[in-house]
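Residues 22 to 240 (my numbering) make up the sequence shown, in order. Glycine residues also receive a C-beta, built at the ideal position from the N, C-alpha and C atoms. Let me begin by presenting the structure, written as structure tokens, before commenting on it.
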Amino acid sequence: MLTHTGIKILPLNDTAPSPVDLAVHMGRLCLYGGAIWFNLLSHSILVSWLVRSLAPSFENWAWALLHDAHETVTGDVPHPWKTDDMRERQKVLDLRIASYYKIDRRLVSPAAIKQADLLATSYAAYALGLRGYSQLQKEKLPTECATEPDESTRDLVLALADSPLNDPAVCTRGLLNSSIASMADAFHKIAQMNLEGAYDVVDRLVQQAVAVSKNRVTV
Numbered sequence: 022m023l024t025h026t027g028i029k030i031l032p033l034n035d036t037a038p039s040p041v042d043l044a045v046h047m048g049r050l051c052l053y054g055g056a057i058w059f060n061l062l063s064h065s066i067l068v069s070w071l072v073r074s075l076a077p078s079f080e081n082w083a084w085a086l087l088h089d090a091h092e093t094v095t096g097d098v099p100h101p102w103k104t105d106d107m108r109e110r111q112k113v114l115d116l117r118i119a120s121y122y123k124i125d126r127r128l129v130s131p132a133a134i135k136q137a138d139l140l141a142t143s144y145a146a147y148a149l150g151l152r153g154y155s156q157l158q159k160e161k162l163p164t165e166c167a168t169e170p171d172e173s174t175r176d177l178v179l180a181l182a183d184s185p186l187n188d189p190a191v192c193t194r195g196l197l198n199s200s201i202a203s204m205a206d207a208f209h210k211i212a213q214m215n216l217e218g219a220y221d222v223v224d225r226l227v228q229q230a231v232a233v234s235k236n237r238v239t240v
């Protein structure tokens with residue numbers, strides 16, 4: 022496949038998506054099979070926000086942000102339809118992405134990121150009103166991951182959903198909106214091993230989204 026910036030990513034080469042590719046592709050990928058609009062970028066930010074309380078470290082935060090970056094190549098495949106072959110290919114892409122973005126996965130807690138991923142998926146579905154989700158998830162998820170979000174988390178989900186980070190038109194004729202450009206900068210900082218700087222960029226975007234959302238409710 023060819024990425025937004027023109028990088029050819031194939032099973033037999035060792036290339037990975039660039040920071041701009043990640044920001045654009047993640048912004049354009051809708052989760053939940055398109056049943057509701059919540060893109061991969063917003064989901065990944067939510068996962069990185071949740072993992073802070075489960076296993077706080079910059080390495081866990083950064084990999085939480087990148088945990089589904091392989092989907093910028095493979096697309097998002099809803100869980101029941103994902104084959105074992107696809108899972109193995111995504112693991113190969115994870116290795117490339119971790120290498121390109123210089124993430125030492127020995128310092129990462131897979132269990133914490135998996136729990137944050139499940140919680141983020143569930144919280145967004147509840148907050149955004151995905152029909153039938155409640156019963157479906159109670160049948161397949163651990164109890165702690167099939168609960169509705171608390172008020173502050175729900176507000177964060179809604180703020181992300183309404184923000185430019187979740188705008189389907191993330192890139193028009195090559196021009197990135199400012200939030201997507203900032204996320205590209207954050208990914209670039211991760212690749213430079215400046216995790217604290219990347220964290221500051223994303224945290225600022227989240228705080229801006231929350232502030233705008235609160236102002237909108239107040240008005």
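| Query | Result |
| --- | --- |
| Note down, one range per segment and in chain order, each alpha helix (DSSP H) of at least 4 residues found wholly within the stretch 82 to 124. | 92 to 95, 105 to 121 |
| Does the CB of E92 have a neighbour CB from chain B at under 8 angstroms? | Of the protein chains in the structure, only one exists, and it is not chain B. |
| Return yes when the Cβ of S74 is within less than 8 angstroms of the Cβ of W82, no when it is not. | no |
| Is L61 helix, strand or coil by DSSP? | helix |
| For the candidate residues K235, T26, R117, L33, whose alpha-carbon lies nearest to that of E172? | K235 |
| A56 to Y220, Cα distance in whole Å? | 30 angstroms |
| Rounded to whole angstroms, what's the CA-CA distance from V240 to V233? Just pull it up for me. | Confidence is the limiting factor: at V240 the pLDDT is only 48, short of 50, which leaves the residue's position unreliable and the question unanswerable from this model. |
| Within the same chain, show all residues whose beta-carbon is closer than 6 angstroms to that of T17, passing over the 5 residues directly before and after it, in chain order. | Limits of the chain in this structure are 22 at one end and 240 at the other, which puts residue 17 out of reach. |
| Check this for me: beta carbons of L71 and A146, under 8 angstroms apart or not? | no |
| Which residues in the same chain as I30 place their Cβ atom closer than 6 angstroms to its Cβ, once the five residues preceding and following it in sequence are excluded? | M22, T36, V94 |
| Measure the C-alpha to C-alpha separation of V191 and L226 and round it to an integer number of angstroms. | 15 angstroms |
| Determine which residues share a DSSP beta bridge with L151 and list them. | Answer is none; L151 lacks a bridge partner. |
| Just how far apart, CA to CA, sit D89 and L61? | 8 angstroms |
| Go ahead and label G150 buried or exposed: buried means 16 or more other beta carbons lie within 10 angstroms of its beta carbon, across all protein chains shown. | exposed |
| Should S143 be labelled buried (16 or more other beta-carbon atoms within 10 Å of its own) or exposed? | buried |
| Taking just the CA atoms, how far does G153 sit from I134? | 25 angstroms |
| Do D176 and V223 count as a contact pair if the criterion is CB distance below 8 angstroms? | no |
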